[in-house]
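Asks:
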Amino acid sequence: MRHPSESTLALYAGGDLGPFARWRTDRHLAGCDSCREDVAAFAGLRDALPALGDIPDALWDPLAPEMKANIRLGLAAGECVRSSDAPRRHSLFSGVRAAVAVASIAAVLITAMVLEHPFPRQQPGPRRAPESVILQTTRDGIEVGDGGQGLKLKHAGAQNVMYSVGAQGSMRARYVDPETGNVTINNVYVE
Amino acid sequence: MCMWSRSQRRLALICLVGAAGLRAQGTLNSQGDIKINVPADSPVTLVSTSMGESRAMPRGAALVLDLHMSLTLRNSSPNRIHGVALRVVSQEVTVGGKASVSVPSLNVGPGEAFPVRIDLQLMRPTQVAGGPLVQVDLDGVLFQDFSFYGPDRLNSRRSMTAWEMEAQRDREHFKRVLAQFGPQGLQQEMLSSLTRQSERPQLDVRVVRRRAVSGAGAAVNAAQTAQFAFVNFPDSPVEPLDGWAELSGNEAQSPRIQVRNRSNKPVKYVELAWLVSDEKGRQYVAASLPASDPDLYLPPGRTARVLQDTELRFSLHSEPVNIRKMTGFVSQVEFTDGKVWIPNRQNLENAALLTVLAPSAEEQRLSDLYRKKGLQALVDELHKF
Chain A
2 MRHPSESTLA LYAGGDLGPF ARWRTDRHLA GCDSCREDVA AFAGLRDALP ALGDIPDALW
62 DPLAPEMKAN IRLGLAAGEC VRSSDAPRRH SLFSGVRAAV AVASIAAVLI TAMVLEHPFP
122 RQQPGPRRAP ESVILQTTRD GIEVGDGGQG LKLKHAGAQN VMYSVGAQGS MRARYVDPET
182 GNVTINNVYV E
Chain B
11 MCMWSRSQRR LALICLVGAA GLRAQGTLNS QGDIKINVPA DSPVTLVSTS MGESRAMPRG
71 AALVLDLHMS LTLRNSSPNR IHGVALRVVS QEVTVGGKAS VSVPSLNVGP GEAFPVRIDL
131 QLMRPTQVAG GPLVQVDLDG VLFQDFSFYG PDRLNSRRSM TAWEMEAQRD REHFKRVLAQ
191 FGPQGLQQEM LSSLTRQSER PQLDVRVVRR RAVSGAGAAV NAAQTAQFAF VNFPDSPVEP
251 LDGWAELSGN EAQSPRIQVR NRSNKPVKYV ELAWLVSDEK GRQYVAASLP ASDPDLYLPP
311 GRTARVLQDT ELRFSLHSEP VNIRKMTGFV SQVEFTDGKV WIPNRQNLEN AALLTVLAPS
371 AEEQRLSDLY RKKGLQALVD ELHKF
């Protein structure tokens, strides 16, 4: 007996086969326990999938100003390049236009990627001595920690965060607050 | 004799632990859990406090507090406010950790309100005494004329004065560009600034403090003493003479630099910028190196030693960065009369430091404004000052 392929059985389980293929598979399943089990397994898997399909909604509203800003920036940069050029040919796909388009698209993609997957700035590593007090940057803030205790100032959602360290035992994160538009400087200190 | 069976006791214990966990997990309130101190004679008044989604959650034997606080303050003084600093402390965190949130580059007129957001996470033992979990105090307010109000427990006056001077310096620079080269010139300058900011290498630095440190500090394996090279600005009131630090791989510790006051005024604070270069010659800002002596008094012509016992570890993208060279320059000086000196923009540019250093808070704000709202918004903003 020739069995249907796994993809056919999977499509059958989801009700996604065409009428003729479905009729043929029905006929086969009527006499094949093994394929019926496969179909049942695929159906069970589909029942579990909706939970996996609950992809968290991207926060597009906060992203929108960043994307618009980067597109505007790419266009402005392109304009600046063009205005400094000598007179030249105006072809539809000139190098500058292509560069501006590519830069704009890249800026949008990079912004989206960074915001969706913020780069981990520092992974807490093994500590040399348990008595150490550590100041460090984390993915979303700066913190002072000692064993099970810690204090962290967060800057979630901020872009272009500038970090600086004071050798006396302080750490600083400076950013433009996306909600207030004000520059905010967070500091943590070891006394 | 015990009346409960073993399984009943176990069930009761589970219920008790569960109830304790539920009790510990809850929203915070601004009345009992958070204490906000704004003195009655302060030039700012607290208009409102929003706690947002702040909450406390148990994690093992610890309690994690997530505090998302938004304060609205009003300028109740007759002067324009250009900066505010808030001190954030938790008495329960025994490491002596404290924090502050400052908002420089403000331009708030009398009667106007402005927001300050504090996004804090605190991890502390569950078993602690009562009292507020977090205390927020006004540490200082800086006005347009550089006058200051506040207890200044975190040296906010000096920090905010330096930031305001940088703000004035950089606004003047951009206004000069606008006057000389027009909007297109300003636009070019902004694009250059944004390029510098995006290309500027930024090291991950961990600061390690060892409690057992005494004298010169804990030894670093196979540490070598390396000498600083210095950038000297002609107008700097303090000059660095010589300096060393101990280097070992990606670790540096115990920097010490000798400086001389070459001005005619006594100095009470000196801060140097500490730059490091990796094996490929790429330069990064490592740290600022302030004088450790809080009672420093450096008369004209005299020398002093700037030193710290901290240990720094450098990495980039989680990979250790081995340090090969160190450079330093004087980045801030405060005189005993409260005046502050910072390097001028031309000197930073001449020494090719603009590409290594972070932009000032004001340059960061203005470039962000240009990026989000365009050239005309930037021009309008510059005209406000």
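Quick note, the sequences are listed as chains A and B, same order.
So my numbering is basically just the index in the first sequence, starting at one, shifted up by 1.
So my numbering is basically just the index in the second sequence, starting at one, shifted up by 10.
No residue lacks a Cβ here, since even glycine has one placed at the ideal position from N, Cα and C.
(1) Suppose the cutoff is 7 angstroms on Cβ atoms and the five residues either side in sequence are ignored; what does the same chain contact list for residue 163(B) look like?
(2) If you compare alpha carbons, which of 112(B), 74(B), 259(B) and 235(B) is closest to residue 175(A)?
(3) Contact criterion: CB-CB distance below 7 angstroms. Does residue 135(A) meet it with respect to chain B?
(4) Give the single residue among 163(A), 179(A), 105(A) and 168(A) whose Cα lies nearest to the Cα of residue 284(B).
(5) DSSP three-state label for residue 35(A), please.
(6) Considering only residues of the same chain and omitting the five flanking positions on each side of residue 361(B), which have a CB-CB separation below 7 angstroms?
(7) How many angstroms separate the CA atom of residue 137(A) from the CA atom of residue 189(B)?
(8) Nearest-angstrom Cα distance between residue 51(B) and residue 43(B)?
(9) How would you list, in chain order, the residues of chain A whose beta-carbon sits under 7 angstroms from the beta-carbon of residue 349(B)?
(10) Who pairs with residue 313(B) in a beta bridge, going by DSSP?
(11) Name the chain A residues that come within less than 7 angstroms of residue 320(B), Cβ to Cβ?
(12) Residues of the segment 283-299 of chain B in Cβ contact with chain A at a cutoff of 8 angstroms, in chain order, please.
(13) Take residue 163(A) as the anchor and find which of 178(A), 110(A) and 170(A) has the nearest alpha-carbon.
(14) Measure from the C-beta of residue 396(B) to each C-beta in chain A and report whether the shortest distance is under 7 angstroms.
(15) Short of 8 angstroms in beta carbon distance, which residues of its chain neighbour residue 32(A), apart from the five on each side in sequence? Order them along the chain.
(16) Using DSSP's beta-bridge definition, name the partner residues of residue 146(B).
(17) Name the residue from 349(B), 327(B), 372(B) and 366(B) whose alpha carbon lies nearest to the alpha carbon of residue 155(B).
(18) Which first and last residues belong to the beta strand (DSSP E) in which residue 193(B) is found?
(19) Going along chain A in order, which residues have a C-beta closer than 7 angstroms to the C-beta of residue 125(B)?
(20) The beta strand (DSSP E) with residue 150(A) in it runs from where to where?
(21) Can you check whether the C-beta of residue 324(B) is within less than 7 angstroms of a C-beta belonging to chain A?
(22) Run the CB neighbour count on residue 272(B), radius 10 Å, all protein chains shown included, and call it buried at 16 or more, exposed below.
(23) Give the residues of chain B in contact with residue 106(A), contact being defined as C-beta atoms less than 7 angstroms apart.
(24) For chain A, is any of its Cβ atoms less than 7 angstroms away from the one on residue 115(B)?
(25) Are the CB atoms of residue 306(B) and residue 278(B) within a distance shorter than 7 angstroms?
(26) Which chain B residues are close to residue 68(A), counting only those with a beta carbon under 7 angstroms from its beta carbon?
(27) What's the C-alpha gap between residue 358(B) and residue 180(B)?
(28) Output, in sequence order along the chain, the residues in the segment 189-222 of chain B whose CB is closer than 9 angstroms to any CB in chain A.
(29) Please report whether the beta-carbon of residue 186(A) lies at a distance below 7 angstroms from any beta-carbon of chain B.
(30) Please report the straight-line C-alpha distance between residue 291(B) and residue 393(B), rounded to a whole angstrom.
(31) Is there at least one Cβ from chain B nearer than 7 angstroms to residue 9(A)'s Cβ?
(32) Quick one: Cα of residue 68(B) to Cα of residue 74(B), how far?
(33) Should residue 238(B) go down as buried or exposed, given a rule of 16 or more other Cβ atoms within 10 Å for buried?
(34) State the DSSP-derived secondary structure class of residue 45(A), mapped to helix, strand or coil.
(35) State the CB to CB distance for the pair residue 264(B) and residue 234(B), rounded to an integer number of angstroms; the pair is presumed to be in contact (CB under 8 angstroms).
(36) Would you call the segment 381-390 of chain B in contact with the segment 71-81 of chain A, where contact means no fewer than 3 C-beta pairs closer than 8 angstroms?
Replies: Working from what's here:
(1) 97 and 149.
(2) The shortest C-alpha to C-alpha distance from residue 175(A) to any of 112(B), 74(B), 259(B) and 235(B) is the one to 112(B).
(3) Proximity of residue 135(A) to chain B, defined by a Cβ-Cβ separation below 7 angstroms, is satisfied.
(4) Residue 168(A) is the option with its Cα nearest to residue 284(B).
(5) The DSSP-derived three-state label of residue 35(A) is helix.
(6) These residues qualify, in order along the chain: 241.
(7) Those two C-alpha atoms are separated by around 43 angstroms.
(8) Distance between the alpha carbons of residue 51(B) and residue 43(B): 24 angstroms.
(9) Residues of chain A whose Cβ lies closer than 7 angstroms to the Cβ of residue 349(B) do not exist, since the nearest Cβ in that chain is about 22 angstroms away.
(10) DSSP links residue 313(B) through a beta bridge to 270(B).
(11) 168, 169 and 170, listed in chain order.
(12) When C-beta distances to chain A are compared with 8 angstroms, the residues of the segment 283-299 of chain B below that value are 284, 295, 296, 297, 298 and 299, in chain order.
(13) For residue 163(A), the nearest C-alpha among the options comes from 178(A).
(14) Only positions 11 to 395 of chain B appear in the structure, and residue 396(B) is not among them; the question remains open.
(15) So the list reads 2, once near-sequence residues are dropped.
(16) Beta-bridge annotation (DSSP): residue 146(B) is paired with 46(B) and 98(B).
(17) Comparing Cα-Cα distances from residue 155(B) to each of 349(B), 327(B), 372(B) and 366(B), the minimum goes to 349(B).
(18) According to the DSSP assignment, residue 193(B) belongs to no beta strand (DSSP E) but to the alpha helix (DSSP H) extending over 166-209.
(19) For a Cβ distance threshold of 7 angstroms, residue set 181 of chain A lies close to residue 125(B), ordered along the chain.
(20) Residue 150(A) -> beta strand (DSSP E) spans 150-155.
(21) Output row for residue 324(B): interface = no.
(22) Flag for residue 272(B) reads exposed.
(23) Correct list: empty, because the minimum Cβ distance to chain B is about 17 angstroms.
(24) Interface residue, yes.
(25) Going by beta carbons, residue 278(B) and residue 306(B) fall inside the 7 angstroms limit.
(26) The contacting residues do not exist; residue 68(A) stays about 11 angstroms from chain B at best.
(27) Cα-Cα distance, rounded: 12 angstroms.
(28) Listed in sequence order: 194, 197, 198, 200, 201, 204, 205, 207, 208, 210, 212, 213, 214, 215, 216, 217, 218, 219, 220, 221 and 222.
(29) So yes, residue 186(A) belongs to the interface.
(30) Answer to the nearest angstrom: the Cα atoms are 41 angstroms apart.
(31) Interface residue (Cβ-Cβ distance to chain B less than 7 angstroms): residue 9(A) is not classified as such.
(32) Distance between the alpha carbons of residue 68(B) and residue 74(B) is about 6 angstroms.
(33) Buried, because 16 or more other Cβ atoms sit within 10 Å of the Cβ of residue 238(B).
(34) Judged by DSSP in its simplified three-state form, residue 45(A) adopts helix.
(35) About 12 angstroms; that fails the 8 angstroms criterion.
(36) Touching, yes, given that three or more Cβ pairs across the two stretches are closer than 8 angstroms.
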